[in-house]
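For reference, the structure is listed below as structure tokens.
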Amino acid sequence: MYNGGKIILGLIIFLALAAFPFYSNLGGSAKKAMPSLDTPVIQQLAVKECVKPGEYMKREHMKVLDQWRDEVVREGKREKILVGGREFEKSLQNGCMACHSNKEQFCAECHGYAGVKPYCWDCHLSGEGGQI
Amino acid sequence: MGMLFSLFMVAALIVVAYAGVAVVNMQNLFGVVIPYAAIAIFLAGVILKVLKWSRSPVPFHIPTTCGQQKSLPWIKHSSTDNPQTTGGVIMRMALEIFLFRSLFRNIKSEVTDGRATYGSDKLLWLGGLAFHLTFFTVLIRHLRFFAEPVPAMINTIDALDGFMQIGVPHLLMSGVILVAAAAYLLWRRVGISQVKYISLAADYFPLFLIISIGLTGIIMRYFAKVDIVSVKKMTMGLVSLNPVVLSGVGSIFYIHMFLISVLLIYFPFSKLMHMGGVFLSPTRNLSNNSREKRHVNPWDYPVKVHTYEQYEDEFREKMKEAGIPVEKE
Amino acid sequence: MSMDRRKFLKMAGIAGIGLGLGSDFILMSPAEASSGKGLPSSGERLGMVIDMRKLTNADLARMIDACHSAHNVPTLIPEKNDVKNEIKWLWTDTYDHTFPEQINDYHPRALKEKSFPLLCNHCDHPPCVRVCPTKATFKAKNGIVVQDPHRCIGCRFCMAGCPYGSRSFNYVDPRLYLDPAKKNPAFPTRTMGVVEKCTFCPERLVKGQLPACVEASNGGMIFGNLADSHSEVRRVLNTHFTLRRKPALGTMPSVFYIIGGEDYAG
Amino acid sequence: MKIKSLLLDEKPTVLKKWFDLILDTYPSETSDFLKRQDNNPADPVSQIIHAGIEGLYDGLIHGIDSDTMHAQLDSIVRVRAIQDFTASEAINFIFHLKKLIRAELEQDIREQDLYEELLAIESDIDGMINMAFDIYMACREKIYELKANEMRNWTYRAVKHSKAYREVKADR
Amino acid sequence: MENEQKPEELANIDFNPPETGWMDTPPEFKKGIFCYGSRPSYLEAVGFPNAREWKPTDEDWKLPDNWKEIVLEGMKERLEKYRSFKIFMDICVRCGACADKCHFYIGSGDPKNMPVLRAELIRSVYRRYFTTAGKMFGKLAGARDLTEDVIKEWWYYFYQCTECRRCSVFCPYGIDQAEITMVGREILNLLGTQTDWIGGPVANCYQKGNHLGLEPHAITSNIEYLCDDIEEITGITVEPSFNRKGAEILFVTPSGDLFGDPGTYTAMGYLMLLHELGLDYTWSTYASEGGNFGFFTSMDMAKRLNYKIYAEAKRLGVKWILGGECGHMWRVLNQYMDTWNGPADFLEEPVSPITGTKFENAKSTKMVHITEFTADLIKHNKLQFDKSRNDHLNITFHDSCNTARGMGIFEEPRYIIRNTCNNFFEMSDDETREKTFCCGSGSGLNAGENMELRMRGGMPRGHAVKKVQEKYGVNMLANICAIDRAVLPPLMDYWAPGVDVCGTHELLANALIMKGEIKRTQDLRLEDLPGVEDDDDDEENNEEGEE
């Protein structure tokens, strides 16, 4: 008794699962994530500068936000940050979004691409498209 | 010795990957060539190994029965531990594969009042199940690097995995449990004398390898963060057959990839093939219906037997004397 | 998925109570447990006097509206049993309910029929802080009892702990019931599964503004630093007889009520 | 007795060494293997020894009745009687205890002049040895009886079923 | 005495054992642990190779010159023939779950008695000669060369395995040491290294139809003798038939039950039951063995011995076959017989002539286990019992490895015991049913010369019985296996003195009220039934019986 049929079926299932990433991407044009910095506020800035360098923010923005949260909510340190002569409010909603008002093109671009679903927006308002 | 050797081997692999990328800049080799080769070897190796197994038949019907057989209708039959039908076998195999039914039975010997007694011992079951389930979860989670857009199911798994919402980025429990469970399995091989005694280099190596893979992954996510978007561009390049190598992706990513590649290459030639073998184990995947339905042995051949005629010829007189009927007077 | 997590923890929390863990189960350092006792070194302790003589029902309605639109608090959730669903930052109740220890058959009828504004008392000894298993609720240096919704797991121990009913749980998604005309884009909402309450408006205080309700009270509320003997709030307290809610509980509220009746007192 | 309290203090050390000495009496492979299990033996053989010698040791210090002593010894000796040992090998683990006590308490005995007490303890141990030897012999006799029975039964059955036997039986 | 420590050595005992791996430790052959090598005549009788005089303790085992080739060729052939063997060689992860499940390991502490390591003995050779990694990396990959020492080690340890399959129950992949031992023994048989105790019964069975070598007249006279005893006890004359053509049912049971106590009492039980039913059945002198020691040598040999059952059923023209209580006999009948010597299309689907019950689970082999048959009778109230005749017995039931883990027959015998006895007590769950412990003497290890091994392997079973003996006053160990009935009495004598051994059909026949029987004063063992002789002393005797 060889059970050849069942074994072949099993192997086909194995192959179908293991090779899923390959055939599911066949012919698909690889979309690239390009977060947009094009907002009216940013356009008007003479020096386009965030609280930290862009490379750093790319990796660690969540840490920055987390740190802000702790300072503001838990320690009551609500004073603004001064970077390059500009004041930034330590707030996602009133700080980040003041410049990056394009949540869909900015935040969601990479988050969606990398399959990250932060729960910031469950409470915080992006102010975009009447979304509350 | 086997343990130190394995540890050394994994350390050497890490050094090779680091040197290859950070010193001699062979990003193409470690980011494209080796991963492709590994996937090819893995797929072909697993399939060939299973086919090799399948060339040996199951000549006899030898399930290990772990419950009441199906006999008289009023006797309660244990349909999964002693299956009589294909459905029962499927249930038994499902319990075995998803819940490690047999390990769940595990007991340990103890001595009370100078006599051997037995107590439940579920640690190995728990450790093994935690290891395999989280390994699988981590694997599925990684599909977010191999699909665009990311399927909703992957996001859901991710959210469930980060359910405790500890820290940022969310701590994914599966990764931590995976490494912890692997560490437990490693500890068993060092801390439990019987298991230490039977362990070979081939037992330590995959554990060290998987722990290293887990740790590099955890480091990339929480500590030395890599540019996740570039990483995904590379992984998507691989699976869409348009491989790219992007600068700015740290060496740790290449180490992670290289170790995974080694695991994939090692897989078909090692005990890790228990993944496939468990499906083919004749003591588990057969129903206990050999009295109801004849099982055929494909290599059956006639054997020399002692026939009744020979027997009667040898004992005819004695049989007659004892009043036993005979064929030939 | 956060709500699932919270539901889960809520269940776990309830199971914890069921197992008799109760309030001893609270993860709190002794220092924190007693944090309400001494004054913080900042020398700041925010508090409020509510002068019932000056507040009409119309005032109260305006104050509530100011509070709720400043903080995106859904005013009405028309789901079944919306009493349970009500989100209370600033709300009103009768005298008897406000001061149950001071009930007197011979109180003036007008007093008994009057609506009293209620809010979080930002107690010195807040029971809600003691029972919070995740330290989502804590006593800030300035005396405010802070509820950090990021950390809240929705166990509702604080709701059980608060003797004033000042905490509300989001049984439904509050965003669905916000009045679009009155939303404040600069303030977050909450999600289903967390507890919320009056904050004393630190986001306004930092800008030098008074809390939304105080600002809208036309002087019916006096807000300030109780630790500063020269503050207005202390001046009012020095010159008026005030009541705090449920004093026998020893929670030491920072909200004081001037009931009125000086006409006869002199 | 002073020596008993010393023995109580030294219990963990003595038991550990005693246990290892007993394991040394096993064939090298088994012994090496069993010894690697340190303080938490996972197999019944070493567990039985472990529990048995602790019982004996406690019995020595606190005193036990001979039935309990017999049971403790029986649990070890009955196993050793079927484990590749000669008679002396099977029971010399108790002799080890004497030596261990002398070695461990040597200084105390000399300094505090506890020789008489030592002799008393040793004569208790001698009692244990006697009992162990009896148990061992009973076990071995049992083994040989079982072997003999198997042989005897074969012959007996063969005879019993023979015609002659049955005729004799019928006559009776 | 070399182990004895001098006092001065005690101070510096080396507590760090030398780190020798198991591969570097050849076995020491210890007296009482192994069986004698098979005498040449046994091997010659069935045509096994390399028949010669040899002793396992000999330095030179007189292996054929090309022994290595034979072994490797034998392994290769079996890797191609048995998927079980091939997979079990490849997928073990050495998790150790099986380690302390083996009764020989529990009783000896010898690490090579852990199933995983016993399997590694052969796996290491498999890796060396059949896997790329093993060829390339040798010891590092867990591989080792095949030497004569390895063969001796196989022999020593594959004959310290009773093929009880307990390890297989706990293995996450169902790796079955029995399968590996069976292949290992087959290979050893290619070199003529059989044990005498297995070789003898195999040769006997092949030539004379049963393990004991009883010739036809000896079988009939044995059974007649049992009938005499039945007559003495019950006053009923039982007259079984032999080799009778046209009988409805052929009855096959292990020959051990015809010859050795307490198996004979079980055989008397069958005779009484089948007589009481008036069943149209016959015994056979040709197929006078249900057991199959060939199973402990090679599949071919097992098939050659098993052939006789169907052949005889066909010759006699019976409708179906009824099988007695036996362990490995039923492993073979349940899992192998139909494949080897079927299809039995000349027989009919078994139907109980008494109750009309169809045994659908046996519709292909046409062979029914007697406890299935009897349980069905009891369920249909076809039998009358006086349970009080077993009142002096406190019974526990020992599940035999093969019927437990190779068949799953748990409830039928218990049903019989519960319906024929008042005092039944189970051993603990971890020691019965699928987790039952072996008697320590199965798979042809029930010789006399390896008594120490048997007592050692039987220790877990002994301890288990001792526990219920102390707890419930158990004094009778019932079972459904002829080897059990042969080997458990000495085991009990050593580990739980005072506990006797019986088959379930002895208990049944003792309680069975037969039509026209005299008042019974004796049990099947011709011992006085307590409380029966003198009616006045009833109570007192009963109390004595419970001791």
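Chains as they are written, first to last, in the working numbering: chain A, 6 to 137; chain B, 2 to 330; chain C, 4 to 269; chain D, 34 to 205; chain E, 1408 to 1954.
The C-beta atom is built at its ideal place from N, Cα and C for all residues, glycine as well.
query = Nearest-angstrom Cα distance between A1504(E) and V78(A)?
reply = Translated into the one-based positions of the fifth sequence, residue 1504(E) becomes position 97. Translated into the one-based positions of the first sequence, residue 78(A) becomes position 73. Computed Cα separation, rounded: 52 Å.
ask   = Are the stretch 8 to 15 of chain B and the stretch 235 to 254 of chain B in contact at 8 Å, needing three or more beta carbon pairs?
value = no
inquiry  = I'd like to know whether the C-beta of R145(B) is nearer than 7 Å to at least one C-beta of chain A.
reply    = Along the second sequence, read from residue 1 onward, the residue named residue 145(B) stands at position 144. Yes, its Cβ sits closer than 7 Å to a Cβ of chain A.
Alpha-carbon to alpha-carbon, F1537(E) and I1513(E) = The sequence position of residue 1513(E) within the fifth sequence is 106, counting from 1. The sequence position of residue 1537(E) within the fifth sequence is 130, counting from 1. Each residue's Cα considered, the two are about 32 Å apart.
query = Since P60(B) contacts Y1489(E) with CB under 8 Å, what's their CB separation in whole angstroms?
reply = Position 59 of the second sequence, counted from the start, is the residue given in the question as residue 60(B). Position 82 of the fifth sequence, counted from the start, is the residue given in the question as residue 1489(E). In this structure P60(B) touches Y1489(E) by the C-beta definition: roughly 6 Å separates them, less than 8 Å.
message = Please tell me whether M1858(E) has its Cβ less than 7 Å away from any Cβ of chain D.
response = Sequence index remark: in the fifth sequence, residue 1858(E) carries index 451 (1-based). Yes - at least one Cβ of chain D is within 7 Å of the one on M1858(E).
Contacts of R1490(E) in chain B (Cβ-Cβ under 7 Å) = Looking up residue 1490(E) in the fifth sequence gives position 83. In chain order: W54, S57, P58, V59, L281 and P283.
ask   = In chain A, what lies closer than 7 Å to K144(C) by C-beta?
value = By 1-based counting over the third sequence, the position of residue 144(C) is 141. Those within 7 Å of K144(C) in chain A are G81.
query = Cβ of N99(A) less than 7 Å from any chain C Cβ?
reply = As a first step, residue 99(A) must be located in the first sequence, where it is residue number 94. Chain C places a beta carbon closer than 7 Å to that of N99(A), counting this residue as a contact.
request  = List the residues of chain B whose Cβ lies closer than 8 Å to the Cβ of K1710(E), in chain order.
outcome  = For the purposes of this step, residue 1710(E) is identified with residue 303 of the fifth sequence, where counting begins at 1. Near K1710(E) (Cβ distances below 8 Å), the residues of chain B are V304.
Span separating the alpha-carbon of N107(A) from that of Q48(A) = The count along the first sequence starts at 1 and reaches residue 107(A) at position 102. The count along the first sequence starts at 1 and reaches residue 48(A) at position 43. The alpha-carbon atoms of N107(A) and Q48(A) are separated by roughly 13 Å.
For C1909(E), the residue or residues it bridges with in DSSP = In the fifth sequence, counting from the first residue as 1, residue 1909(E) sits at position 502. Answer is A1885(E).
Separation of L1619(E) from L1914(E), as counted between CA atoms = Start at 1 with the first residue of the fifth sequence, and residue 1914(E) comes out as number 507. Start at 1 with the first residue of the fifth sequence, and residue 1619(E) comes out as number 212. Their Cα atoms are separated by approximately 25 Å.
query = On the premise that S79(D) lies in contact with L56(D), defined as a C-beta separation below 8 Å, what is that separation, rounded to the nearest angstrom?
reply = Here residue 56(D) refers to the residue found at position 23 of the fourth sequence. Here residue 79(D) refers to the residue found at position 46 of the fourth sequence. About 7 Å; that satisfies the 8 Å criterion.
ask   = In chain H, which residues lie with their C-beta within 8 Å of the C-beta of A21(A)?
value = In the structure shown, chain H cannot be found, because the protein chains are A, B, C, D and E.
key: Buried or exposed (CB count within 10 angstroms, at least 16 for buried), E60(A)   = Numbered from its first residue, the first sequence carries residue 60(A) at position 55. Burial call: exposed.
inquiry  = In the DSSP output, which residue or residues are listed as bridge partners for Y1688(E)?
reply    = As a working mapping, residue 1688(E) is identified with position 281 in the fifth sequence. Residue pairing from DSSP places Y1688(E) in a beta bridge opposite I1656(E).
message = If you reduce the DSSP assignment to three classes, tell me which class Q145(D) lands in.
response = Your numbering for residue 145(D) matches position 112 in the fourth sequence. If DSSP states are grouped into helix, strand and coil, Q145(D) belongs with the helices.
request  = Find out if the Cβ-Cβ distance for the pair L1547(E), F1658(E) is shorter than 7 Å.
outcome  = For the purposes of this step, residue 1547(E) is taken as the residue at position 140 of the fifth sequence. For the purposes of this step, residue 1658(E) is taken as the residue at position 251 of the fifth sequence. No, they are not a contact pair.
Enclosing alpha helix (DSSP H) for E1838(E) [first to last residue] = Position 431 of the fifth sequence, counted from the start, is the residue given in the question as residue 1838(E). It is not in any alpha helix (DSSP H) - E1838(E) carries neither H nor E in the DSSP assignment.
Exposed unless 16 or more other CB atoms sit within 10 angstroms - verdict on M1679(E) = Indexing the fifth sequence from 1 puts residue 1679(E) at position 272. Here M1679(E) is buried, its C-beta having at least 16 other C-beta atoms within 10 Å.
query = Would DSSP call G269(C) helix, strand or coil?
reply = Taking the third sequence and counting its residues from 1, one reaches residue 269(C) at position 266. Note that G269(C) scores 34 on pLDDT, short of 50, meaning its location in the model is unreliable; the coordinates nonetheless yield the value given after this. Residue state, collapsed to three classes: coil.
request  = Identify the continuous beta strand (DSSP E) that holds L49(C) and give its terminal residues.
outcome  = Translated into positions along the third sequence, residue 49(C) becomes position 46. Per DSSP, L49(C) belongs to the beta strand (DSSP E) from L49 to D54.
message = Output needed in chain order: residues of the stretch 65 to 80 of chain A with a Cβ under 7 Å from some Cβ in chain C.
response = R74, V78 and R79
task = Quick one: list the residues of chain B neighbouring D1745(E), beta-carbon separation under 8 Å, in chain order.
result = Against the fifth sequence, residue 1745(E) aligns to sequence position 338. Within 8 Å Cβ-Cβ: S291, R292, R295 and H296.
ask   = Which full runs of the alpha helix (DSSP H) of 4+ residues lie inside the stretch 1740 to 1789 of chain E, going along the chain?
value = DSSP runs (the alpha helix (DSSP H)) wholly in the stretch 1740 to 1789 of chain E: 1744 to 1748 and 1777 to 1786.
request  = Give the residues from the stretch 191 to 209 of chain B that approach chain E closer than 8 Å (Cβ to any Cβ), ordered along the chain.
outcome  = I193, Q195, V196, Y198, I199, S200, L201, A202, A203 and D204
key: Runs of alpha helix (DSSP H) lying entirely within the stretch 121 to 185 of chain B, each at least 4 residues, in chain order   = Those alpha helix (DSSP H) runs which fall completely within the stretch 121 to 185 of chain B and span 4+ residues are 124 to 142 and 153 to 162.
task = Rounded to whole angstroms, what's the CA-CA distance from M34(D) to L151(D)? Just pull it up for me.
result = Counted from its first residue, the fourth sequence places residue 34(D) at position 1. Counted from its first residue, the fourth sequence places residue 151(D) at position 118. One C-alpha to the other measures close to 10 Å.
Any chain E beta carbon closer than 7 Å to N72(D) = Here residue 72(D) refers to the residue found at position 39 of the fourth sequence. Unreliable placement is indicated for N72(D), whose pLDDT of 48 sits below 50; the coordinate value is still reported in the next sentence. False, the Cβ-Cβ gap to chain E never drops below 7 Å.
Neighbour list for P26(A) in chain B, Cβ cutoff strictly below 8 Å = Taking the first residue of the first sequence as position 1, residue 26(A) is located at position 21. Going along chain B in sequence order, the residues near P26(A) (Cβ under 8 Å) are L144, F147, A148 and V240.
request  = From the DSSP output, in three-state form, read off E1466(E) for me.
outcome  = Taking the fifth sequence and counting its residues from 1, one reaches residue 1466(E) at position 59. Coil at E1466(E), not helix or strand.
key: Residue closest to K49(D), alpha-carbon to alpha-carbon, out of L130(D), Q140(D), A171(D) and R135(D)   = Position 16 of the fourth sequence, counting from 1, holds the residue named residue 49(D). If we check each option's Cα against that of K49(D), L130(D) comes out closest.
inquiry  = Please give the ranges of any alpha helix (DSSP H) in the stretch 210 to 243 of chain C, keeping only runs that are unbroken, at least 4 residues long and fully inside the region.
reply    = 215 to 218 and 235 to 242
task = Could you check what DSSP says for Q49(A) in three-state terms: helix, strand or coil?
result = Translated into positions along the first sequence, residue 49(A) becomes position 44. Of the three classes helix, strand and coil, the one that applies to Q49(A) here is helix, per DSSP.
ask   = Which residues of chain B have a Cβ atom closer than 9 Å to the Cβ of S108(D), listed in chain order?
value = Taking the fourth sequence and counting its residues from 1, one reaches residue 108(D) at position 75. Simply V112, D114, G115 and R116.
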